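In what follows, a single structure is set out as structure tokens and then discussed.
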Amino acid sequence: MPDMLTAEPFLGGYTLDLGDVAVAEVTDISIVSIAMPLGGGDALANAVQAAWGCALPAPRGTSVSSDGSVTLIFSTPDQTLAILPGVDGLAVTDVAAKLGDVGYYTEQTDNWVGLRASGAKSISALERICPLDLASMSVGGAERTVMEHLGVFIMREDDERFLLLSGSSSAKSFLHAVELSMHNVT
Numbered sequence: 543m544p545d546m547l548t549a550e551p552f553l554g555g556y557t558l559d560l561g562d563v564a565v566a567e568v569t570d571i572s573i574v575s576i577a578m579p580l581g582g583g584d585a586l587a588n589a590v591q592a593a594w595g596c597a598l599p600a601p602r603g604t605s606v607s608s609d610g611s612v613t614l615i616f617s618t619p620d621q622t623l624a625i626l627p628g629v630d631g632l633a634v635t636d637v638a639a640k641l642g643d644v645g646y647y648t649e650q651t652d653n654w655v656g657l658r659a660s661g662a663k664s665i666s667a668l669e670r671i672c673p674l675d676l677a678s679m680s681v682g683g684a685e686r687t688v689m690e691h692l693g694v695f696i697m698r699e700d701d702e703r704f705l706l707l708s709g710s711s712s713a714k715s716f717l718h719a720v721e722l723s724m725h726n727v728t
């Protein structure tokens, strides 16, 4: 019998703490894309409410399940990203079981690398490489943008903490851009 493959973090679980600003690879989440069928908005919204006790997120925003375990990020008018705890490789199966046949679901965990930027200088560091006014972004706000030349979802988790998601194929370039900007503000 062949050995089982074990997933490894894209950046090896990287962390950097510079005092007023820090970055850490996020390795404990799963990501599932939820696409809305044509004309299926009400059914999907009702299923999300029944399953997680929250609404579908509005543009530039997020919704959090009533138990705090699932975060939904607005992606496009007909698509939402679900961020779930744990990495078991089968999150899409869990989401499909919870929501039923009212949407189209795609496992996205291995398509994204997650970084968590935090600290008093996190906004200064991120705004150097991001065209958004992050100081005015509300807690729970989320945007799709670019950092350097890379596509990124950025979500403000609290006053000094952001979750960043970018394509896993450019994980090292993404980390380099964030890390360099953090060094430049310290």
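Residues in the sequence shown are numbered consecutively from 543, following the working numbering. Virtual Cβ for every residue (Gly too), placed ideally from N, Cα, C. Owing to the predicted nature of the structure, the values given are computational and were not obtained by experimental measurement.
Query: Using 8 angstroms as the threshold, is the segment 612-623 in touch with the segment 553-563, meaning 3 or more CB pairs across them?; Result: no
Query: Below 8 angstroms on the Cβ atoms is my contact criterion, and I expect K663 with V727 to pass it. Report the Cβ-Cβ distance as a whole number of Å.; Result: 5 angstroms
Query: Considering only residues of the same chain and omitting the five flanking positions on each side of D620, which have a CB-CB separation below 7 angstroms?; Result: A577, M578
Query: What's the gap between the Cα of L705 and the Cα of A684?; Result: 9 angstroms
Query: I need the DSSP call for V637, collapsed to helix, strand or coil.; Result: helix
Query: From V681 to D545, what distance separates their C-alpha atoms?; Result: 44 angstroms
Query: Whole angstroms is fine: what's the gap from L598's alpha carbon to T618's?; Result: 11 angstroms
Query: What is the DSSP secondary structure of L717, counted as helix, strand or coil?; Result: helix
Query: Does DSSP put E567 in a helix, a strand or coil?; Result: strand
Query: Using C-beta distances below 7 angstroms, list every residue in its chain close to E649, excluding the 5 sequence neighbours before and after it, in chain order.; Result: V574, A633, V634
Query: Helix, strand or coil, according to DSSP, for L668 in the structure here?; Result: helix
Query: According to DSSP, is S506 part of a helix, a strand, or is it coil?; Result: Nothing about residue 506 can be read from this structure; the chain reaches only from 543 to 728.
Query: Is V727 helix, strand or coil by DSSP?; Result: helix
Query: Look up G682 in the DSSP assignment and say whether it is helix, strand or coil.; Result: coil
Query: Let me know the secondary structure DSSP gives T651 once reduced to three states.; Result: helix
Query: Kindly indicate which three-state DSSP category V629 falls into: helix, strand or coil?; Result: coil
Query: Does the segment 702-719 come within contact of the segment 654-672, defined as at least 3 CB pairs closer than 8 angstroms?; Result: yes
Query: Determine which residues share a DSSP beta bridge with L623 and list them.; Result: S575, I615
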